[in-house]
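Everything below concerns the one structure shown next.
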Amino acid sequence: MLIGPALAASRFSAPASPDSPLGNYLRDPADAVHTLLDHATRGAITWGPIAGPAVAIATTALGWARWWWRRRCRRTLALDARLVRVLPPPTADPAGAEALWTNLLGLLRPAWRRRVTGQPHLAWEYVFDRETVHLRLWVPGVIPPGMVERAVEAAWPGARTRTTPAPTQIAAPSQEIEAAGGDMRLARSEALPLRTVFPADPIRALLGAPVGLGPHEQAVVQILARPVTGRRVKKARRVARHTRAGRSARPVGRLLDLITPGQRTRSRARHSAPVVDRQTALTTAAEDKVIVAKQRGASYETRVRYVVTATVPETLNAEQRAATRDRLRGRGHAIASAFAAFTEHNYYRRARLRRPLPHLAERRLDGGDLLSIPELAAVAHLPWDEAIPALERAGARAVPPPPGIATVGPAVRPIGLSDSGHSRPVGLRVPDARHHLHILGATGSGKSELMARMILADSDAGRGLVVVDPKGDLITDVLMRLPEELGEKVVLFDADSKSRPPVLNPLEGADAARTVDNLVSIFSRVYASSWGPRTDDILRAGLLTLRHLPGIPVLTDLPKLLSVPAFRQRAVDQIHDDVLKGFWSWYDALSDPARAQVTAPLMNKLRGFLLRPFVRAALAGGASTIDMDQVLNGGICLVRIAKDALGTETAHLMGSTVVARTWQAATRRARIPQDQRQDAGLYLDEAHNFLNLPYALEDMLAEARGYRLSMTLAHQYLRQLPKELEEGISTNARTKIFFNASPEDARHLARHTEPRLTPHDLSHLDAFHAAVRPVVNGAEAPAFTAVTEQLPSAIPGRAKRIRAAARRNARPQPVSTRKGTGGQTADPRRPA
Numbered sequence: 002m003l004i005g006p007a008l009a010a011s012r013f014s015a016p017a018s019p020d021s022p023l024g025n026y027l028r029d030p031a032d033a034v035h036t037l038l039d040h041a042t043r044g045a046i047t048w049g050p051i052a053g054p055a056v057a058i059a060t061t062a063l064g065w066a067r068w069w070w071r072r073r074c075r076r077t078l079a080l081d082a083r084l085v086r087v088l089p090p091p092t093a094d095p096a097g098a099e100a101l102w103t104n105l106l107g108l109l110r111p112a113w114r115r116r117v118t119g120q121p122h123l124a125w126e127y128v129f130d131r132e133t134v135h136l137r138l139w140v141p142g143v144i145p146p147g148m149v150e151r152a153v154e155a156a157w158p159g160a161r162t163r164t165t166p167a168p169t170q171i172a173a174p175s176q177e178i179e180a181a182g183g184d185m186r187l188a189r190s191e192a193l194p195l196r197t198v199f200p201a202d203p204i205r206a207l208l209g210a211p212v213g214l215g216p217h218e219q220a221v222v223q224i225l226a227r228p229v230t231g232r233r234v235k236k237a238r239r240v241a242r243h244t245r246a247g248r249s250a251r252p253v254g255r256l257l258d259l260i261t262p263g264q265r266t267r268s269r270a271r272h273s274a275p276v277v278d279r280q281t282a283l284t285t286a287a288e289d290k291v292i293v294a295k296q297r298g299a300s301y302e303t304r305v306r307y308v309v310t311a312t313v314p315e316t317l318n319a320e321q322r323a324a325t326r327d328r329l330r331g332r333g334h335a336i337a338s339a340f341a342a343f344t345e346h347n348y349y350r351r352a353r354l355r356r357p358l359p360h361l362a363e364r365r366l367d368g369g370d371l372l373s374i375p376e377l378a379a380v381a382h383l384p385w386d387e388a389i390p391a392l393e394r395a396g397a398r399a400v401p402p403p404p405g406i407a408t409v410g411p412a413v414r415p416i417g418l419s420d421s422g423h424s425r426p427v428g429l430r431v432p433d434a435r436h437h438l439h440i441l442g443a444t445g446s447g448k449s450e451l452m453a454r455m456i457l458a459d460s461d462a463g464r465g466l467v468v469v470d471p472k473g474d475l476i477t478d479v480l481m482r483l484p485e486e487l488g489e490k491v492v493l494f495d496a497d498s499k500s501r502p503p504v505l506n507p508l509e510g511a512d513a514a515r516t517v518d519n520l521v522s523i524f525s526r527v528y529a530s531s532w533g534p535r536t537d538d539i540l541r542a543g544l545l546t547l548r549h550l551p552g553i554p555v556l557t558d559l560p561k562l563l564s565v566p567a568f569r570q571r572a573v574d575q576i577h578d579d580v581l582k583g584f585w586s587w588y589d590a591l592s593d594p595a596r597a598q599v600t601a602p603l604m605n606k607l608r609g610f611l612l613r614p615f616v617r618a619a620l621a622g623g624a625s626t627i628d629m630d631q632v633l634n635g636g637i638c639l640v641r642i643a644k645d646a647l648g649t650e651t652a653h654l655m656g657s658t659v660v661a662r663t664w665q666a667a668t669r670r671a672r673i674p675q676d677q678r679q680d681a682g683l684y685l686d687e688a689h690n691f692l693n694l695p696y697a698l699e700d701m702l703a704e705a706r707g708y709r710l711s712m713t714l715a716h717q718y719l720r721q722l723p724k725e726l727e728e729g730i731s732t733n734a735r736t737k738i739f740f741n742a743s744p745e746d747a748r749h750l751a752r753h754t755e756p757r758l759t760p761h762d763l764s765h766l767d768a769f770h771a772a773v774r775p776v777v778n779g780a781e782a783p784a785f786t787a788v789t790e791q792l793p794s795a796i797p798g799r800a801k802r803i804r805a806a807a808r809r810n811a812r813p814q815p816v817s818t819r820k821g822t823g824g825q826t827a828d829p830r831r832p833a
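Each residue of the sequence shown is one higher than the one before, starting from 2 at the first, in our numbering.
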């Protein structure tokens, strides 16, 4: 059992052979060394002419391969690269930068992939010109779209991003550019940190350094950064150990230490510790603490670069070019000096940058300094200062739509595209649209374009439409894009057209008392500032008298009834109502001057109304040529009543009359089973002008849902609405779409959108950018933001063909087919 250990002991204790190299060295060390050197010399003489060129070729090949691999990685990163412009929110959270760079650690690739394709980096850039300051991120094409954008918006809520392709060159080939620039490198070991705690924004000096740039000058500060791990972090730790041991951190420095050792020998240094003063000891302890703290977290390899450029004419002489370069170098020195704010245990030093323009365009990061996330966040972040005049800030924050929001389809009214996260269509389901829409926004913000898209969607789906437009552009846009096959459904009232309009007689209706009440109420509300009880009484009695006459009552007979005694007498003979006869007995008993005095307030309104040929033809042209019931069941009624063509009050009266007739047709749907009622829409642009109705708006909005009539009410600001009307719309028009609003309105409207969207967001919406608080599946959903889509291109000649079809639809039917045209009683309109 002792054989194995004995053999092992004998093996390890066997002396070296006398003829072995080890035996020769032990017997005669000097001779062994001389022999080894002699063999090496003879080998060099023999193999040197062969090995030397081979080693040179191999070294050149390895260098070229390394250069080619780096060039290939740079081209891969630059392929499909993009620039993400960052618009800061009104107030930037100082903690947002650390959140951003921590989030972007996800860009770190696996080790095998980094060796094959390299690790992509980002470039945070401050760009200065004569008037503005831009903040942007250069993102390689290999990084998935939207990743960096979402990280920025998550780090600073309220920030906005705009992504564009990155240009491949600095300027056009025909331009000449002079440039000066430099690199900012850490002056001490990268194990020592920069300053990261500041009472004020540390880039304040950097933002102010380029002030006063010329009209063709630009300054760019790039902070290139990529996350690192593994060997790069180990290198930083090794540097820290060498630094604390008093040795050089760089390989060249360590070689020089071997050649020029210090005064004390290594053996003496082991037995006697150096004596240091208290201040040095405290400094060393503090540095040890911050080194450990820096190594504890994740790190980025970074490179800070600045370049100042100027576009110069080709004819510039050498002296002028030299002066331009000197000026650019001076501005570059001012930018470099701004980095002194980060000085603490470490600091930045300026290094010369050869060929600054290629470095600026390529955003090359071959090697750099290691910074912790707090250090990088201190250098690359959104400005904290709220008052930077040259910095363009974000408007409203981008908020994603809630779950369950509709997208596209025949049963969806389009709203636009979501502007947060993945852009996708968003819309409003038709059943949810029955809860009505309230659209508010300043002129030019996109209200009419949104309504036009909804109108075209309803027409394509075969839903009934009534559109009242007091300006004219909305209906013009619709006419140029309506499908031609829908022309047979279109009924067009156009105050600017010279052709005869359709007729919509407001005195028609099965219930005479209700019809008269509606019309009197419309007149009283439109002319509320000059309306009195006597005017109301005369108009009501006159309209009721016209309704008692045989044939078709028209408004043009009312002035004749009040001013022509013979016509009035023949009309009174047809009346069987004693109360109404009593009114005319009182009226006839008045003297002519007294009669003229009591009728003057009404007559001037009637004449101003009926003296306009379009209104007289449309409202008093005889029997109605359109059936609003059929319009709601799939027809299209477009009312284009521009105020400049009719006047404000006449346009209000005309539009309100159309709305009243639409509502009367909707209420007649009560006779139809609910599941058989077709969806229809009533669109009112400048809605406050046309809600002069005898019905309470809250009741209309509440009942219209049951009749499958959805109302879309659009206007510009809240003060256009009377208080009761504002409260009714706020309560019962449940879907809210707000474009850019005034600060005063934004404070009130934010009650519908908070906490997702604040008053600042509502008052800083861009054009065609809307805040939407929708109804989803019958319940109010949280607010979100969307960008409305552009209308499809207008089709040449389409509006002309639709108008021609509408004129054919406006032709009156034979009088004999109209209800109430028969009877044996003489018509007082005709002379006896």
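Every residue gets a Cβ at the ideal spot worked out from N, C-alpha and C, and that includes glycine.
Just so it is clear, the structure is predicted and the values come from calculations on it, not from any experiment.
Residue i by DSSP, collapsed to three states: which one?
i: Phe524; result: helix
i: Tyr588; result: helix
i: Lys499; result: coil
i: Arg110; result: coil
i: Met455; result: helix
i: Leu214; result: coil
i: Ile796; result: coil
i: Met185; result: strand
i: Ser531; result: helix
i: Thr557; result: coil
i: Ser268; result: In this prediction, Ser268 scores a pLDDT of 46, lower than 50, which makes its location untrustworthy; no coordinate-derived value is stated.
i: Met481; result: coil
Is the separation between the beta-carbon of residue i and that of residue j shorter than 8 Å?
i: Ala152; j: Ile292; result: no
i: Asn780; j: Thr754; result: Going by the sequence as given, residue 780 is Ala instead of Asn. No, the pair does not count as a contact, with Cβ atoms beyond the cut-off.
i: Ala834; j: Leu480; result: The chain is shown only over 2 to 833; residue 834 falls outside these bounds and no answer can be derived.
i: Arg83; j: Thr165; result: yes
i: Gly473; j: Gln717; result: no
i: Ala379; j: Pro203; result: yes
i: Leu714; j: Ile440; result: yes
i: Leu763; j: Ala782; result: no
i: Val140; j: Val85; result: yes
i: Val313; j: Glu177; result: yes
i: Asp538; j: Leu547; result: no
i: Glu179; j: Thr325; result: yes
i: Ala55; j: Gly97; result: no
Alpha carbons only, please: which of the options is nearest the one belonging to residue i?
i: Leu505; options: Thr344, Lys236, Ser657, Trp385; result: Ser657
i: Pro211; options: Tyr127, Asp578, Thr516; result: Tyr127
i: Asn693; options: Asp518, Thr786, Lys236, Pro797; result: Asp518
i: Ser300; options: Leu371, Arg454, Arg735; result: Leu371
i: Arg670; options: Asn634, Thr92, Tyr684; result: Asn634
i: Asp628; options: Gln665, Pro602, Val616; result: Gln665
i: Gln791; options: Phe494, Phe769, Ala124; result: Phe769
Exposed or buried, which one is residue i when buried takes at least 16 other CB atoms within 10 Å?
i: Thr284; result: exposed
i: Pro566; result: exposed
i: Glu745; result: exposed
i: Pro91; result: exposed
i: Pro471; result: buried
i: Leu88; result: buried
i: Thr266; result: At Thr266, the pLDDT of 45 sits below 50, so the modelled position is not reliable; the number obtained from the coordinates is stated separately. Under this definition Thr266 is an exposed residue.
i: Gly636; result: buried
i: Gln223; result: buried
Closer than 7 Å to a non-hydrogen atom of the ligand FAD - does that hold for the CB of residue i?
i: His217; result: As for the ligand FAD, it is missing from this structure, which has no ligand bound.
Return the Cβ separation of residue i and residue j in integer angstroms, given the expectation that the two are a contact with Cβ distance under 8 Å.
i: Met185; j: Ala337; result: 6 Å
i: Arg332; j: Ala220; result: 6 Å
i: Gly533; j: Pro594; result: Incorrect: roughly 19 Å between the Cβ atoms, too far for contact.
i: Leu109; j: Thr230; result: 6 Å
i: Arg408; j: Arg425; result: Residue 408 is actually Thr in this sequence, not Arg. Indeed they touch by this definition, with Cβ atoms about 6 Å apart.
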